[in-house]
Each structure stands twice: as structure tokens, then as C-alpha cells.
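In full-length UniProt numbering, the protein residues as written are 1 to 140.
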């Protein structure tokens with residue numbers, strides 16, 4: 001019997017903006033490790049802000065999220081959603097990526113400016129997933 005799958009969505013801020021080279025290095029490392037661990041997902045980056053979804057075996061995703069919480073490159077890590085899933089939504093990518101610096105995205109600012117507002121948590125989680133799904137569908 002295989003381990004149950006889990007999905008985690010979170011937002012965070014980089015402690016300093018990433019250069020193109022740093023983003024490429026991060027993605028290369030993350031994609032290699034995720035492929036090895038059986039983790040899939042999507043990462044969106046905008047002016048130092050991250051929105052990420054991770055999917056995979058429950059213990060693996062939980063462990064990765066704990067590493068992210070203690071990663072000195074992040075601050076303000078806020079979990080929007082953590083739930084068991086039957087199947088992956090982003091299974092095509094070890095880590096899909098999209099830079100969204102140049103685009104105005106409805107709901108994005110509200111998500112990033114108020115990530116700790118518990119009243120917005122459910123709304124923000126659904127907005128984040130909708131945003132991720134939108135970018136994923138454009139890249140299929």
C-alpha cells in the first residue's frame with residue numbers, strides 16, 4: 001500500500017530578491033531533489049514573493065515544508081492550505097515555474113499583503129490554487 005498524497009500551498013517572502021542566476025540555481029536544485037523524492041508542484045515568483053504548491057507522499061511533503069520554514073532565504077512563510085489529496089494537480093512537473101513580475105493579477109496583491117490574516121486564509125488558498133492552475137494550463 002502506498003503512502004497517502006498531500007498538497008501544501010504556502011506564501012513567503014525572500015529575505016532578498018533573487019537574481020536570475022539564483023532563481024535558475026534554485027530551480028535546478030529543487031527539480032532534481034523533487035524528482036528524486038517523488039514531489040511535484042508549481043512555484044510562482046513575483047518581486048521577492050513566492051507562492052508554491054507541493055504535492056507528494058505525506059511524510060516527504062511535510063518534511064520539505066519543515067525545511068522551507070527554517071530556510072534562511074525565506075521570511076514570513078505562511079501555510080495557506082495543507083490537505084490530503086487523491087491525485088496530483090501538478091503531476092507533470094517536478095517543479096513548474098513562472099515569473100509573474102510584469103503582470104497585474106487580480107487577487108495576488110491581497111494574497112501577498114495579508115498572508116497572516118486568518119479570516120482570508122480559505123479565500124486566499126483558493127485564489128492561490130486558481131492562480132497556479134491558470135499558469136499550469138498555459139504551460140501544458
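Don't be surprised by glycine CBs; every beta carbon is placed ideally from N, CA and C.
Residue environment for residue 85: exposed (fewer than 16 other C-beta atoms within 10 angstroms of its C-beta). Annotation for residue 97: the continuous beta strand (DSSP E) segment containing it runs 96-99.
Inside the stretch 49-93, DSSP marks whole beta strand (DSSP E) runs of 3 or more residues at positions 49-57, 74-85, from first to last along the chain. Relative to the Cα of residue 15, the nearest Cα in the group 32, 34, 49, 30 belongs to 49.
The Cβ atoms of residue 78 and residue 8 lie no closer than 8 angstroms to each other. Note: residue 40 is bridge-paired with 55 in the DSSP secondary-structure output.
Pairing residue 55 with residue 31 gives a Cβ-Cβ distance that is not under 8 angstroms.
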